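*Asks:* Got a structure here, written out as C-alpha cells. Questions coming.
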Amino acid sequence: MTEKLSNAQIAWRAAQDIEDGAYVNLGIGFPEIVAKFQPEGREAIFHTENGVLGFGEAPPKGQEDWDLINAGKKAITLKPGAAFFHHADSFAMVRGGHLDVAILGAYQVAQNGDLANWSVGAKGVPAVGGAMDLVHGAKRVAVITDHVTKDGKPKLLEACTLPLTGVACVTRVYTSLCVVDIENGRFVLREKLPSISLEDLQAVTGATLVIDGPVADLIVPELD
Amino acid sequence: MTEKLSNAQIAWRAAQDIEDGAYVNLGIGFPEIVAKFQPEGREAIFHTENGVLGFGEAPPKGQEDWDLINAGKKAITLKPGAAFFHHADSFAMVRGGHLDVAILGAYQVAQNGDLANWSVGAKGVPAVGGAMDLVHGAKRVAVITDHVTKDGKPKLLEACTLPLTGVACVTRVYTSLCVVDIENGRFVLREKLPSISLEDLQAVTGATLVIDGPVADLIVPELD
Amino acid sequence: MDKTIPTLAEAVADIHDGAVLMVGGFGGSGAPIELIHALIDRFVATGSPKNLTVINNNAGNGRIGIAAMIDMGMVKKMVCSFPRSADPRAFTEKYLAGEIELELVPQGTLAERIRAAGAGIPAFYTPTSFGTELAKGKPVKEFDGRSYVEERWLKADFAIVKGQLGDPYGNITYRMAGRNFNPLMCMAAAKSIVQVSKIVPAGGIEPEQVITPGIFVDRIVEVANPRQEEDMNRAGEVYA
Amino acid sequence: MDKTIPTLAEAVADIHDGAVLMVGGFGGSGAPIELIHALIDRFVATGSPKNLTVINNNAGNGRIGIAAMIDMGMVKKMVCSFPRSADPRAFTEKYLAGEIELELVPQGTLAERIRAAGAGIPAFYTPTSFGTELAKGKPVKEFDGRSYVEERWLKADFAIVKGQLGDPYGNITYRMAGRNFNPLMCMAAAKSIVQVSKIVPAGGIEPEQVITPGIFVDRIVEVANPRQEEDMNRAGEVYA
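Chains as they are written, first to last, in my numbering: chain F, 13 to 236; chain U, 13 to 236; chain H, 2 to 241; chain E, 2 to 241.
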C-alpha cells in the first residue's frame, strides 16, 4: 500500500477549511479530533446534539462533570459565550440550516453525495443517533475517511451498497489520499497526495474521479 | 324583555365551575372578568397567549409595565410561581391539551358545538388573534354570552351563519338566561333563571333545548 | 467572534426593497421600536426599503413603529393574526383602500409556522382553523379520526427584534413578556438583527439562562434606554 | 397549588403495566436514576410495572437505570435513537434473543416527535431519513422541489425526568446539558414526574429563568443529592 495520511492528518486538512466564526458539528468518534486542529486566529463555535453550543476541550481527568458532555458522551468544558438548550432546539439548529459545517465519518460515499455511515447491514443492534439529521441542514456536509476500507475496498463509489444515512447530502470528502468535491453527481478531484499517481488513485476509487480545474498537492504536516 | 343576568353575573356563574388548580385561558374582552369571581379557597392559574402563566390582577394605574401585558394588551401583574415563555411554547400549551378550561365570548354557538366569534362577515378588517387556536386543546371550552344579540336574535342556533372559529369545539355555554351543555349534537339544558319559563326560553333560542336530567335554578348573586 | 454593530443605521443597512421582514413584539411588549425607526429614517433619506412584506402579530398602532412604516408606504403586505389595535388607522385606511395586502393567520399557527421555518420543518398539521374560511385551499388530513390542516413554514429575509441582554456571540435574553415571537423570529430569518438594552461580555449571560442561542442571531446593537411603544402612543407621538 | 410528592415511591406509584414511559436524560446527563430505581423497587416488590414501552435516546448502560429495568424484564419495547453504550449488554442480549422490541428513530426526529405530541401537532415533515430504510412505509411529500418524510407525534402515559430546581407549581430548571430531552418529555406525557435536587418556594425561580413551566408538570419530588449514572457505572454498580 502506498503512503497515506493518518486520521489526525485527514482531520487537520478538514480543519483548514473551517472559516472563522463558523458553527460546526463534528460527528462522534473520529470527526471529533478535527477540533484539535483549528487554524490560529480562527474561531469555530462547536455544536453538539445534546444541547450545547460553544464548548471546548475535555476537562483534565478527574474533573469531569457528567452533566456536561457531548453527543459522544465524553466530558467537555464550556467557553465564554456558551449556551444550553433542549433537544428540539438543538435539532432545529441542525435541520434549520443554521450550522455552517457538519463533518462526519463514512462507510461509503457515492458520487451523487449519498452517504452510508450508520449501519453495516442486518446483523447486530442497529443505532443511528443524530447522523440522519446532521446530513440535512448544514451549509456544508463534509466527510473524513480513509480512502479505502480495512480490507482495501473502495469507499468512494458510484452508488452506496450499505444502508443510506442520507441522499445527495455530502459536498466534500477528505480521504487519506485526496480531497474531492461532489458536484453535479460527480467526484471532482481537488487535491491529491503528491506521492500517488492519478492512475493509482483512480484504481482504489470506485467511481470516476473527474478532473475539472486544477488538482493541488495535498500537503499536510507531520502530526504525532 | 324578561329579567336576565348581567355580564358580571354570567362571568360569576362560569367562574364557579373552575376547579381548584385549573389552568385557565380567558378570551380577551368580556371573558377576562371571570378572573374576578374565583371562588374562595380555589386557585386557578391563568395563561395568556403572549407567554405568561400565573398572572394576577391589573397593577394600580401609573404602575403599569408595558412589557408585562396579557393577550388583550392590558397591563398585568405576576403571582409567585409565574413563568414566561415564547409564543410557540405558549400555543403548545393551548393546542397540546394542557389547559383545563378556555372561556370565550361568542357571536353564535351551534348545537353541535360549532363556534363563531371572530368575524361578522366580509366588511372591515378581519382579525382572528388566538381564537381559532384556543378552541382546540383545552379540556373544556366554555362560552359566556348574552342569550340573544343586541337586536334580540338567537345566538344559540342549529347551525352558525357567521364564519366559524372552530368546529364542534364548545362543551358548555353560560348565557344571560341559562346554562347548557353540548352533548351529542344537542343543547342540553342544565340551569335556567327561575323567572323564565321553559317555553319563553325556547322561544329565544334558535335550536331545541333538550331536557335530559334535572334542570336546576340558575341562582347568581347581585353584583355591582 | 463579535456580532455587535455600533449603530442602528448600520444594523438595518442591507434590508432591501421587497424583503420579507419579521418584526418582533406583541403590542408594545418586545417591539424593536428603535430598529423600526432606523428603517424609516433610511426610507425617508433614500426611498428604501419599500414593498416590504412585514410579519408581526399585529399591524401597527398609532403613528409610530409598524404603523408609521405603513403610513410611509413602505409596506406592501402584512402577515398577522390581529390587525387591530387601540388606534389601527394606518393599516385600516390602506387596507380598505386596497393599498395593502393582508394574510390573516391564527396566532398559534403564525407562531408555529415561524418556528417550523427555523427548525427545518417545511409543513405540519394543526387542528387550528379546520372547517373555517382561513383553511380554504389548504390540504387537510385525518389522524386518529380527527381532521387537521396542513400549514407551511414561514421564512423571512430579515428579523428585527428586541432583547434585554446580548453578548458578542449573539446570545440573547428577553424582558418578561417581551419574549413572545422574538426567539422564533430569530430562528426563522436568514438574518436576525437584535436590539438589546445592554451588551455584556462573552460569559456575561449564564449559559443556562440564554433564551436565544447566538447561532440564531447575526447582529446585535445596543439601545441603552429603549422607548416603550405603549408609552409613546399614550403620549400621542408621531414618527414621520 | 402544591405538586410536591414526599417520596419517590409515591411519585411513581401509578405507573401501570403496559404503560408508555418516557425517561429523560442523554447518557447519564439529566437521567432520573432515583425515579427509575424507585420503579424497579416497586417491580421487585409487586411484579409491576411490566410490559413497559420505554422512550429514551439510548437503551441503558451497565447494570443500573434503564439497563437494570431491561435486565429485570420490565421492558417490552424500546423507542430510541442509539441503543448502544459503553456497556450495552442488557439491551443487546435481549434484543438478539428476540425478547425486546426496538423502534429506531433518528435523534432529531425523536426530539421533534416528542415536542409535536406536547404541542398538539399530530404530524410534521422532516428531511431526516428521506431515502433511507428508516423511512420505509412512511408517507413522503414534496415541498419546493425537495422530498420530506411525514412523522407522527410520540405521546406517553408518563414521563420521569430529572431537573435541578423545582417549585410547588411545577416550574423546573435543569443543570447544564442535563436539559436535553427532559423539557420535551414533560410536554408530551399525560403525567410528568420530575425529580429535582431542590424544591424552592413559589417565586424561588425567576419567571424568566423557568425552563419547563409548571403546566407541563404533574409531580415533583426532591432528591437532594442525586447520583450520577456515569459515576455509578464507572464504579461498576449493579441495581438489582
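Idealized CB from N, CA, C, for every residue including glycine.
Values in this document were obtained by computation on a predicted structure and should not be read as measured data.
Looking only at its chain, what residues have a beta carbon closer than 6 Å to the beta carbon of residue 153 of chain U, apart from the 5 residues adjacent to it on each side?
*Replies:* The residue labelled residue 153 of chain U in the question sits at position 141 within the second sequence. Hits under 6 Å: 114, 147, 181, 182 and 183.
*Asks:* In chain order, what residues of the same chain lie with their CB nearer than 6 Å to the CB of residue 230 of chain H, ignoring the 5 residues before and after it?
*Replies:* For the purposes of this step, residue 230 of chain H is identified with residue 229 of the third sequence, where counting begins at 1. Same-chain partners within the cutoff: 29, 32, 34 and 66.
*Asks:* Need the endpoints of the alpha helix (DSSP H) that residue 193 of chain F sits in, please.
*Replies:* Residue 193 of chain F sits at position 181 when you count from the first residue of the first sequence. Segment 190-195 is the beta strand (DSSP E) holding residue 193 of chain F; no alpha helix (DSSP H) there.
*Asks:* Can you list, in chain order, the residues of the stretch 144-163 of chain E whose Cβ is nearer than 8 Å to any Cβ on chain H?
*Replies:* 144, 145, 147, 149 and 153
*Asks:* Taking Cβ positions, are residue 70 of chain U and residue 236 of chain U nearer each other than 8 Å?
*Replies:* Locating residue 70 of chain U in the second sequence gives position 58, counting from the first residue. Locating residue 236 of chain U in the second sequence gives position 224, counting from the first residue. Cβ atoms of residue 70 of chain U and residue 236 of chain U: not closer than 8 Å.
*Asks:* Is there a Cβ of chain H sitting closer than 8 Å to that of residue 57 of chain F, yes or no?
*Replies:* Along the first sequence, one-based indexing puts residue 57 of chain F at 45. Yes, its Cβ sits closer than 8 Å to a Cβ of chain H.
*Asks:* Beta carbons nearer than 7 Å to chain E: which residues of the stretch 89-108 of chain U have them?
*Replies:* 90, 92, 93, 94, 95, 96, 97, 104, 105, 107 and 108
*Asks:* Just to confirm my understanding: we take residue 37 of chain U, look at its own chain, exclude 5 residues before and 5 after, and list those with CB closer than 8 Å. What are they?
*Replies:* By one-based count along the second sequence, residue 37 of chain U stands at place 25. Around residue 37 of chain U: 58, 59, 60, 61, 106, 111, 113, 114, 115, 146 and 150.
*Asks:* What residues match up with residue 97 of chain F in a beta bridge as DSSP calls it?
*Replies:* In the first sequence, the residue the question calls residue 97 of chain F occupies position 85. Beta-bridge partners of residue 97 of chain F (DSSP): none assigned.
*Asks:* Identify the contact partners of residue 148 of chain F in chain E, using a Cβ-Cβ distance below 7 Å as the criterion.
*Replies:* For the purposes of this step, residue 148 of chain F is taken as the residue at position 136 of the first sequence. Per Cβ cutoff of 7 Å: 128 and 129.
*Asks:* Which first and last residues belong to the alpha helix (DSSP H) in which residue 127 of chain E is found?
*Replies:* Reading the fourth sequence from its first residue, position 126 is the one you call residue 127 of chain E. Per DSSP, residue 127 of chain E belongs to no alpha helix (DSSP H); it is in the beta strand (DSSP E), 124-127.
*Asks:* Are the stretch 68-82 of chain H and the stretch 99-119 of chain H touching by the rule of at least three beta carbon pairs closer than 8 Å?
*Replies:* In short, these stretches touch, since the Cβ pair count reaches three.
*Asks:* What is the DSSP secondary structure of residue 79 of chain H, counted as helix, strand or coil?
*Replies:* Locating residue 79 of chain H in the third sequence gives position 78, where the first residue counts as 1. Reduced to three states, the DSSP call for residue 79 of chain H is strand.
*Asks:* Under 8 Å Cβ to Cβ from residue 192 of chain U, same chain only, skipping five residues before and after it: list those, please.
*Replies:* Indexing the second sequence from 1 puts residue 192 of chain U at position 180. Non-local beta-carbon contacts of residue 192 of chain U in its own chain, meaning distances under 8 Å to residues more than five positions away in sequence, involve 168, 184, 185, 199, 200, 201, 202 and 221 in chain order.
*Asks:* Give, in chain order, every residue of the stretch 20-53 of chain U whose Cβ lies closer than 9 Å to some Cβ of chain E.
*Replies:* 32, 33 and 35
*Asks:* Please report the straight-line C-alpha distance between residue 141 of chain U and residue 117 of chain U, rounded to a whole angstrom.
*Replies:* Looking up residue 141 of chain U in the second sequence gives position 129. Looking up residue 117 of chain U in the second sequence gives position 105. Cα-Cα distance, rounded: 13 Å.
*Asks:* Taking residue 233 of chain H as part of the beta strand (DSSP E), name the residues at either end of that continuous run.
*Replies:* The residue given as residue 233 of chain H occupies position 232 in the third sequence. That residue, residue 233 of chain H, is in no beta strand (DSSP E); its alpha helix (DSSP H) goes 230-235.
*Asks:* Out of U/196, U/179 and U/28, point me to the one whose CA is closest to residue 150 of chain H's CA.
*Replies:* Translated into positions along the third sequence, residue 150 of chain H becomes position 149. That would be U/179, whose Cα lies nearest to the Cα of residue 150 of chain H.
*Asks:* Residue 175 of chain H to residue 152 of chain E, Cα distance in whole Å?
*Replies:* By 1-based counting over the third sequence, the position of residue 175 of chain H is 174. By 1-based counting over the fourth sequence, the position of residue 152 of chain E is 151. Cα to Cα, residue 175 of chain H sits roughly 32 Å from residue 152 of chain E.
*Asks:* Should residue 129 of chain E be labelled buried (16 or more other beta-carbon atoms within 10 Å of its own) or exposed?
*Replies:* As a working mapping, residue 129 of chain E is identified with position 128 in the fourth sequence. Using a 10 angstroms sphere on the CB of residue 129 of chain E, the tally of other CB atoms reaches 16 or more, which defines it as buried.
*Asks:* For chain H, is any of its Cβ atoms less than 8 Å away from the one on residue 110 of chain F?
*Replies:* Taking the first sequence and counting its residues from 1, one reaches residue 110 of chain F at position 98. Residue 110 of chain F counts as touching chain H.
*Asks:* Quick one, which residues of the stretch 167-191 of chain E are near chain F if we go by CB-CB under 9 Å, in chain order?
*Replies:* 175, 176, 177, 178, 179, 180, 181, 182, 183, 184 and 185
*Asks:* Quick check on residue 74 of chain F - is its C-beta less than 8 Å from some C-beta in chain E?
*Replies:* To locate residue 74 of chain F, count along the first sequence from 1; it is residue 62. Not closer than 8 Å to any Cβ of chain E, the Cβ of residue 74 of chain F fails to qualify, so no.
*Asks:* Using DSSP with H/G/I as helix, E/B as strand and the rest coil, what is residue 110 of chain H?
*Replies:* Translated into the one-based positions of the third sequence, residue 110 of chain H becomes position 109. Here residue 110 of chain H sits in helix by DSSP.
*Asks:* Which chain E residues sit within Cβ distance under 7 Å of residue 116 of chain U?
*Replies:* Residue 116 of chain U sits at position 104 when you count from the first residue of the second sequence. When 7 Å is used as the limit between beta carbons, residue 116 of chain U is near no residue of chain E, the shortest such separation being about 17 Å.
*Asks:* Can you tell me the Cα-Cα spacing of residue 178 of chain E and residue 124 of chain H, whole angstroms?
*Replies:* Indexing the fourth sequence from 1 puts residue 178 of chain E at position 177. Indexing the third sequence from 1 puts residue 124 of chain H at position 123. Approximately 29 Å, taken between the alpha carbons.
*Asks:* Here's the rule I'm using: 16 or more other beta-carbon atoms within 10 Å means buried, otherwise exposed. How should residue 219 of chain H be labelled?
*Replies:* Looking up residue 219 of chain H in the third sequence gives position 218. Residue 219 of chain H should be labelled buried.
*Asks:* For chain U, check one thing: does any of its Cβ atoms lie closer than 8 Å to the Cβ of residue 96 of chain H?
*Replies:* Sequence index remark: in the third sequence, residue 96 of chain H carries index 95 (1-based). Yes, because at least one Cβ of chain U sits closer than 8 Å to the Cβ of residue 96 of chain H.
*Asks:* Just to check my reading of the structure: residue 202 of chain E and residue 172 of chain E have Cβ atoms closer than 8 Å, yes? What is that Cβ distance to the nearest angstrom?
*Replies:* Counted from its first residue, the fourth sequence places residue 202 of chain E at position 201. Counted from its first residue, the fourth sequence places residue 172 of chain E at position 171. So it is not a contact: roughly 11 Å between Cβ atoms.
*Asks:* Starting from the C-beta of residue 142 of chain H, find all residues in its chain whose C-beta is less than 8 Å away, skip the five residues before and the five after it, and write them out in chain order.
*Replies:* One-based indexing of the third sequence puts residue 142 of chain H at position 141. Excluding sequence neighbours, residue 142 of chain H sits near 126, 148, 149 and 151.
*Asks:* Is it the case that the Cβ atoms of residue 143 of chain U and residue 177 of chain U are separated by a distance below 8 Å?
*Replies:* Here residue 143 of chain U is taken as the residue at index 131 of the second sequence, counted from 1. Here residue 177 of chain U is taken as the residue at index 165 of the second sequence, counted from 1. Yes. Within cutoff.
*Asks:* Check distances from the C-beta atoms of the stretch 118-145 of chain U to those of chain H and list, in chain order, the residues that come in under 7 Å.
*Replies:* 137, 138, 139, 140, 141, 142, 144 and 145
*Asks:* When we look at the beta-carbon of residue 13 of chain F and count the other beta-carbons within 10 Å, is it buried (16 or more) or exposed?
*Replies:* Looking up residue 13 of chain F in the first sequence gives position 1. Because residue 13 of chain F carries a pLDDT of 45, less than 50, the predicted location of this residue cannot be relied on, and the following value inherits that uncertainty. By the neighbour-count rule (16 or more Cβ atoms within 10 Å), residue 13 of chain F is not buried but exposed.
*Asks:* For residue 109 of chain E, which residues in the same chain have their Cβ closer than 8 Å to its Cβ, ignoring the five residues on either side in sequence?
*Replies:* On the fourth sequence, position 108 is the one that residue 109 of chain E refers to. Within the same chain, residue 109 of chain E has close Cβ partners 127 and 129.
*Asks:* Which of the three DSSP states, helix, strand or coil, is assigned to residue 203 of chain U?
*Replies:* Numbered from its first residue, the second sequence carries residue 203 of chain U at position 191. DSSP places residue 203 of chain U in strand when its eight states are reduced to three.
*Asks:* Taking residue 67 of chain F as part of the beta strand (DSSP E), name the residues at either end of that continuous run.
*Replies:* Numbered from its first residue, the first sequence carries residue 67 of chain F at position 55. Here the beta strand (DSSP E) through residue 67 of chain F covers 64-67.
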